[in-house]
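Oh and the sequence shown: position 18 is 40 in my numbering, straight run, nothing missing. Beta carbons are placed, not taken as given, at the ideal position from N, Cα and C, and that holds for glycine. This report concerns only the one structure given below.
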Amino acid sequence: MAEAPPPISVVSVVWNHGAFLDACAASVLGQEGPAFSWVVLDNGSEDDTAERLRAWAARDRRVVPVFSPANLRQTGGLVRALEEVRSPFVALLDGDDVAAPGRLARSLAWLEEDPRRIGLYGGCEFIDTAGEPIPSWFIAQDAGALRRMAEFDMPAVHSTSAWRTDWLRQHAPLALGTGHDYVLLLYALESGEVGRLPEVLARYRVHAGGYTQRKRLAQYSTGAAIGLWHAQRRAGREEPLAGWLEWAERCSGQARSVGDIHFLAARQGLEKGLSRLALYHARRALRRGSWAAAGIIGRVLANPSADWAKLWPVLRGGYLAGAHVDRYGRSRA
23 MAEAPPPISV VSVVWNHGAF LDACAASVLG QEGPAFSWVV LDNGSEDDTA ERLRAWAARD
83 RRVVPVFSPA NLRQTGGLVR ALEEVRSPFV ALLDGDDVAA PGRLARSLAW LEEDPRRIGL
143 YGGCEFIDTA GEPIPSWFIA QDAGALRRMA EFDMPAVHST SAWRTDWLRQ HAPLALGTGH
203 DYVLLLYALE SGEVGRLPEV LARYRVHAGG YTQRKRLAQY STGAAIGLWH AQRRAGREEP
263 LAGWLEWAER CSGQARSVGD IHFLAARQGL EKGLSRLALY HARRALRRGS WAAAGIIGRV
323 LANPSADWAK LWPVLRGGYL AGAHVDRYGR SRA
């Protein structure tokens, strides 16, 4: 008789995470509560990640290693890893991050409670290369803030999330390219109930090799592109996401600073008639010293059809209510 699958699986897509994989593995395999498996895809690493993964698989049968000779990128790696999952629920964790104690038990209990619940995010601590806490930037503190802030930016940490496996298999291939975590959240908010648990579920590691540090301008431009794409969809103007990601690539190539990214996004928002997004990005560009953004703010507010009830909260930064502030203790608005 075939062994019954565990109720939940942890899925990690790892690339050159050799320096941090042992800490990640210890945090996963030390989880108490429900039975689980840990599906880990080595995404064509060039360091000792694959060797460390084989060692962990040899000592713990819950580890399911998958090896890709070529780098499938984050989305392709996730799609491939999900092929090995037999559990009805999945918790995601990047290989350089750390799962908090009790994470799987808490996530599984919340998802199983109601069939309308398709996914969740949790609290997050930010750590440095040595595992020491550092100040964090903004993330939504409850489900209401998660939904409100997602219109403008990615307000949660991917490594704290857990999902119904069937839903994730269906939607992961749609979240092509960089920014897949933000795209998945937006699809999830359209599909059903997405929770935000108060407990810390993961510790997010900030280090020089991480995407956030290596590709800072690309990350900002991708986030802006996804927000604009989603606003177009909400306005009934469906456009291919791939086209917006191409715009993001051009944008990051032209920009010299994050302020430039926000200015270019504000201009796109104005051209597309997306007043709230235009105002949001212009406001952030202005705060970063891009004075030309003041003209965009003026044009948005001077529009005779401007809906002040919707624009005023964006102008004053009200969408950040219920959010962390950035690593410097300031609002990221």
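Helix, strand or coil at residue i according to DSSP, with G and I counted as helix
i      : result
Pro87  : strand
Arg338 : coil
Ala122 : coil
Leu219 : strand
Pro262 : coil
Ile30  : strand
Gly145 : strand
Ala152 : coil
Leu115 : coil
Ile319 : helix
Leu133 : helix
Leu51  : helix
Ile140 : strand
Leu94  : coil
Arg310 : coil
Trp60  : strand
Cβ pair residue i, residue j closer than 7 Å
i      : j      : result
Val86  : Glu106 : yes
Leu301 : Val336 : yes
Val112 : Leu190 : yes
Ala345 : Phe160 : yes
Ser31  : Ser49  : no
Asp70  : Gly40  : yes
Gly117 : Leu43  : yes
Ala165 : Arg102 : no
Leu239 : Ala264 : no
Arg170 : Leu211 : no
Leu299 : Leu333 : no
Ala162 : Pro177 : yes
Ala57  : Trp78  : no
Glu221 : Gly145 : yes
Ser129 : Ala167 : no
Asp329 : Gly245 : no
Thr187 : Pro110 : yes
beta-carbon residue i near the ligand GDP non-hydrogen atom, thresh 6 Å
i      : result
Phe285 : The ligand GDP is not among the ligands present in this structure, which contains no ligands whatsoever.
Cβ-based neighbour list, residue i, same chain, cut-off 7 Å, excluding 5 preceding and 5 following
i     : result
Gln96 : Val35, His202
Arg74 : Gly40, Leu43, Asp44
Residue from the options whose Cα sits closest to the Cα of residue i
i      : options                        : result
Pro91  : Gln241, Ala72, Leu104          : Ala72
Ala152 : Tyr226, Gly311, Trp132         : Tyr226
Leu100 : Leu263, Ile318, Gly258, Pro195 : Pro195
Gly66  : Leu142, Phe89, Pro123, Ser312  : Phe89
Arg83  : Pro28, Phe174, Pro123, Thr182  : Pro28
Leu323 : Ala343, Gly295, Ser274, Gly311 : Gly295
Ile319 : Arg76, Arg289, Arg310, Ser327  : Arg289
Anticipated Cβ contact below 8 Å, residue i with residue j, distance rounded
i      : j      : result
Tyr204 : Ile248 : 5 Å
Val280 : Tyr242 : 5 Å
Ala172 : Glu54  : No, Ala172 and Glu54 are not in contact; Cβ-Cβ is about 32 Å, not under 8 Å.
Arg321 : Leu292 : 6 Å
Ala257 : Phe285 : With a Cβ gap of about 22 Å, Ala257 and Phe285 do not count as contacting.
Beta-carbon proximity list for residue i, same chain, < 6 Å, skipping 5 on both sides
i      : result
Gly214 : Arg138, Ile140
Arg125 : Leu223
Gly351 : Only weak support is given to the placement of Gly351: the predicted model assigns it a pLDDT of 38, under 50, and the value that follows is read from those uncertain coordinates. No residues qualify anywhere along the chain.
Val33  : Val61, Ala103, Val112, Leu114
His229 : Thr151
Same chain, Cβ closer than 8 Å to residue i, five either side skipped, listed in chain order
i      : result
Ala365 : Past the edges of the chain, shown from 23 to 355, lies residue 365, and the structure says nothing about it.
Ala80  : none
Asn325 : Ser297
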